[in-house]
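The next block holds one structure in the form of C-alpha cells; read it before the comments.
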C-alpha cells in the first residue's frame, strides 16, 4: 500500500511516505513552525517518490492528544489534502504511536501537557497489535499510576518534564520518544487494508482536555 502520514502534535514535525514496504521520511524539531514545515515536507516526499496524492491509498495523521495548535494544523492539512485528492483518512492516537515506536511489550506513554499536567495512556503489545490498557487522559503528574502488573516502559516528554514520575517503578524510561509519522503510518495500515478509511471531513483532533491556558490566579 501507499500511505502518506504525518504528525504535528508535539515539538517534532514528521512526515512519512510508505511505498509497499519502503519508506521515505522527513522530520524536524519544529517549535511552533509546523505550518511552515509540513506542506513542504509532503511535497518533497511526493516529488522524491514521483507520485501524486491521487496515487496513494490513504492519508494518516496523528490526531492527539498534544499541542492544540499543532493538532489543528495537522487535521486541517489532512482534510485539505484528502479532499483535493479524494483520499480516505485515518487518525491515530499519538500516545499509541509512541508506544508502538518503543518496540516494548508494555508501555506507558506520557506527553508534557504544560500547565503542570501530562497526557498519558498505556498499551500492551499482543501479536504485533497495540492493545489499549488505559485510555488517553490528562492528569496531574502525581496522579499517574502503573496500569497493571509486570514490567512497564515509560516513554515521552512527560518523563523529561517530570523526571521523578513513577521513580523506581518502571523497567526503563525513554524520555525523548515523540509521536512519529512512521508509527502513524504503521498503525493506519490495518484500517486502509480493510477499506475502513474515513471521509476527509472526519479528520478531527482528540484534545482530551478543553482548557488551553491557566488563568492568572492559577499560575
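Residue numbers (my numbering): 12 to 230. Note that beta-carbon positions come from the ideal geometry of N, C-alpha and C, so glycine has one too. Because the structure is a prediction, the values reported are computed rather than measured.
Residue i - containing beta strand (DSSP E), residue span
i, result
"residue 141", "140-150"
"residue 1", "A query on residue 1 cannot be resolved here, the shown segment of the chain reaching from 12 to 230 and no further."
Residues sharing a beta bridge with residue i, DSSP
i, result
"residue 14", "29 and 69"
"residue 119", "133 and 165"
"residue 37", "26"
Of the listed residues the options, nearest to residue i (C-alpha basis)
i, options, result
"residue 25", "107, 196 and 131", "196"
"residue 147", "168, 107 and 126", "107"
"residue 14", "164, 194, 83 and 171", "194"
"residue 188", "169, 136 and 142", "169"
"residue 82", "23, 56 and 159", "23"
"residue 209", "158, 130, 98 and 163", "98"
"residue 40", "174, 53 and 18", "18"
"residue 159", "20, 32, 116 and 42", "116"
"residue 93", "80, 153, 53 and 205", "53"
"residue 186", "113, 145 and 156", "113"
For residue i, the first and last residue of its enclosing alpha helix (DSSP H)
i, result
"residue 49", "45-60"
"residue 92", "79-96"
"residue 5", "Nothing about residue 5 can be read from this structure; the chain reaches only from 12 to 230."
Integer-rounded CB distance, given that residue j should sit under 8 Å from residue i
i, j, result
"residue 218", "residue 75", "6 Å"
"residue 132", "residue 120", "6 Å"
"residue 111", "residue 35", "Not confirmed; about 19 Å, so no contact."
Residue ranges of each alpha helix (DSSP H) within the stretch 157-219, 4 or longer:
168-172 and 192-204
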